[in-house]
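S.K.:
Residue numbers (my numbering): -15 to 115.
(1) So, at 8 Å on beta carbons, what are the nonlocal neighbours of residue 20 in its own chain, with the 5 sequence-adjacent residues on each side left out?
(2) Opposite residue 83 in the DSSP bridges: which residues?
(3) Residue 122 by DSSP, collapsed to three states: which one?
(4) Measure the alpha-carbon distance for residue -4 versus residue 5 and round it to whole angstroms.
(5) Note down the Cα distance separating residue 105 from residue 84, rounded to an integer number of angstroms.
(6) Can you have a look at residue 57 and say buried or exposed, based on whether 16 or more other CB atoms are within 10 angstroms of its CB?
(7) For residue 93, which beta-bridge partners are listed by DSSP?
(8) Quick check on DSSP: helix, strand or coil for residue 18?
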């Protein structure tokens, strides 16, 4: 109950901003452009992966790549800043390079190692061979 009380106490502070942003969103053209899917296909080819299933766009998917998969590279939109702080930290801990990219419709994209093995990724970006 304390949490809900704390949250609802802030409603009046943001009501005008929410109202304005809602009107702006409702008036905007929200037709899908498929720009994101085109970027996934382009990245798959440009980086020699040739499999869109190994290209994981967005902060959530990139986080999952770093925590649960064999990451190869992280593409970060130039200027994304503090929003990607945890991505950069996880990448550093896993020895995964982060490449700053200008033409990216997502704040970041995780690339799964194209030659997946059951091992983890070493600092050289290669999958560790099983013992």
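Beta carbons: idealized from backbone N, C-alpha and C, even for Gly.
M.R.: From the atom records:
(1) Translated into positions along the chain shown, residue 20 becomes position 36. When the five nearest sequence neighbours on each side are left out, the beta carbons in the same chain lying within less than 8 Å of the beta carbon of residue 20 are those of 41, 89 and 90, in order along the chain.
(2) Residue 83 sits at position 99 when you count from the first residue of the chain shown. According to DSSP, residue 83 bridges with 59.
(3) Look at the range of the chain in this structure, -15 to 115, and you will see that residue 122 is not part of it.
(4) Indexing the chain shown from 1 puts residue -4 at position 12. Indexing the chain shown from 1 puts residue 5 at position 21. Rounded to whole angstroms, the gap between the alpha carbons of residue -4 and residue 5 is 15 Å.
(5) Locating residue 105 in the chain shown gives position 121, where the first residue counts as 1. Locating residue 84 in the chain shown gives position 100, where the first residue counts as 1. In this predicted model, residue 105 has a pLDDT of only 49, less than 50, meaning its place in the structure is not dependable enough to derive any value.
(6) By one-based count along the chain shown, residue 57 stands at place 73. Classified as buried, residue 57 has 16 or more neighbouring CB atoms from the shown chains inside 10 Å of its CB.
(7) Against the chain shown, residue 93 aligns to sequence position 109. In the DSSP assignment, residue 93 forms a beta bridge with 41 and 59.
(8) Numbered from 1 along the chain shown, position 34 holds the residue referred to as residue 18. In this structure, residue 18 counts as coil in the three-state DSSP scheme.
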